[in-house]
Amino acid sequence: MSHTAEFLSLMAVFLVAAVTPGADFACVMRESVVHGRRAGVFAAIGVGSAILVHVGYTVLGIGLIVAHSVVAFTIVKWVGAAYLVWLGIKSFRAPAPALPDPGTHDPAARPARRSLAIGALTNLLNPKATLFFVSLFSTIVSPQTPLLFQLGYGLAMAVTLAVWFTIVAVFLTTGTARAAFARAGRWFNRATGLVLIGLGVRVALQRSH
Numbered sequence: 223m224s225h226t227a228e229f230l231s232l233m234a235v236f237l238v239a240a241v242t243p244g245a246d247f248a249c250v251m252r253e254s255v256v257h258g259r260r261a262g263v264f265a266a267i268g269v270g271s272a273i274l275v276h277v278g279y280t281v282l283g284i285g286l287i288v289a290h291s292v293v294a295f296t297i298v299k300w301v302g303a304a305y306l307v308w309l310g311i312k313s314f315r316a317p318a319p320a321l322p323d324p325g326t327h328d329p330a331a332r333p334a335r336r337s338l339a340i341g342a343l344t345n346l347l348n349p350k351a352t353l354f355f356v357s358l359f360s361t362i363v364s365p366q367t368p369l370l371f372q373l374g375y376g377l378a379m380a381v382t383l384a385v386w387f388t389i390v391a392v393f394l395t396t397g398t399a400r401a402a403f404a405r406a407g408r409w410f411n412r413a414t415g416l417v418l419i420g421l422g423v424r425v426a427l428q429r430s431h
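In structure tokens, the structure reads:
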């Protein structure tokens, strides 16, 4: 298989996984709706940047070790599950969001680095991401593919994911979407909290094999 065909196959599978709603989507959605478009975009960049870490340890073989080590996988799993449940509880208990105007910057708004960190940690602490990248690269990417090419694949996936979730953040902060969330009020936080808690439980039940 040529490098072009390999890359296209990799991206095709990755795109399907990227647009499937999960913890990353819930994170970007909440940051966008509660803290505004700027926070949502930085969360999207955080999610995308986490992909570089996954790809890095995967091509170095560390991901395979984690995926097959019961102890290492269990640690990652429980830390990730606890983080998602913690985010869910915070969201569930939060008051109704005061929706900021999209595209504006309030000096008292959430710092960009915090939204960036929340996006990155949500993705990094998800053991499903580790299993996904290990299986994806071991199935599609040839061991003979140069390391530089593999890192290039990872960069393309990181940019693609960041762009996708940036589009999500922009859409969720349009006038129509904001009006809908404003009507939902506190129920939005409760629903998002339950989703995040449910995802945390799902991660806790995840198996390495």
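Take the numbering used here: the final residue in the sequence shown is number 431, and no numbers are missing along the way.
The C-beta atom is built at its ideal place from N, Cα and C for all residues, glycine as well.
Note that the structure is predicted; figures quoted are calculated from it, not measured.
| said: What residue range does the alpha helix (DSSP H) around G374 cover? | reply: Taking the first residue of the sequence shown as position 1, residue 374 is located at position 152. Bounds of the alpha helix (DSSP H) holding G374 are L369 to L394.
| field | Cα-Cα separation, T344 to I362 | value | In the sequence shown, counting from the first residue as 1, residue 344 sits at position 122. In the sequence shown, counting from the first residue as 1, residue 362 sits at position 140. Distance between the alpha carbons of T344 and I362: 26 Å.
| Alpha-carbon spacing of T398 relative to Q366, whole angstroms | Within the sequence shown, numbered from 1, the residue matching residue 398 stands at position 176. Within the sequence shown, numbered from 1, the residue matching residue 366 stands at position 144. Answer to the nearest angstrom: the Cα atoms are 50 Å apart.
| Neighbour-count burial assignment, P329, 16 or more Cβ in a 10 Å radius | In the sequence shown, counting from the first residue as 1, residue 329 sits at position 107. Residue confidence for P329 is low, a pLDDT of 48 falling below 50, so the modelled location carries little weight and cannot support an answer.
| said: Considering only their Cβ atoms, is the gap separating A272 from S337 smaller than 7 Å? | reply: By 1-based counting over the sequence shown, the position of residue 337 is 115. By 1-based counting over the sequence shown, the position of residue 272 is 50. A272 sits away from S337, with the two beta carbons spaced by 7 Å or more.
| message | On a Cα-Cα basis, can you pick out the residue from K350, M233 and A304 that is closest to L377? | response | Stepping through the sequence shown from its first residue, residue 377 is reached at position 155. Measuring from the Cα of L377, the nearest candidate turns out to be M233.
| query | Are the Cβ atoms of G415 and L306 separated by less than 7 Å? | reply | What you label residue 415 is simply residue 193 of the sequence shown in a count that begins at 1. What you label residue 306 is simply residue 84 of the sequence shown in a count that begins at 1. For G415 and L306, no; Cβs fall outside 7 Å.
| field | Neighbour-count burial assignment, L282, 16 or more Cβ in a 10 Å radius | value | For the purposes of this step, residue 282 is taken as the residue at position 60 of the sequence shown. Classification of L282: exposed, given that the 10 Å Cβ count is below 16.
| query | Using the rule of at least 16 other Cβ atoms within 10 Å of the residue's Cβ for burial, across every protein chain shown, is L427 buried or exposed? | reply | The residue labelled residue 427 in the question sits at position 205 within the sequence shown. By the 10 Å Cβ count, L427 comes out exposed.
| query | Run through DSSP, which three-state label would A234 get? | reply | In the sequence shown, residue 234 corresponds to position 12, counting from 1. A234 falls in the helix class under three-state DSSP.
| Helix, strand or coil: how does DSSP classify F283 here? | Within the sequence shown, numbered from 1, the residue matching residue 283 stands at position 61. In the sequence on display, residue 283 carries Gly and not Phe. G283 falls in the coil class under three-state DSSP.
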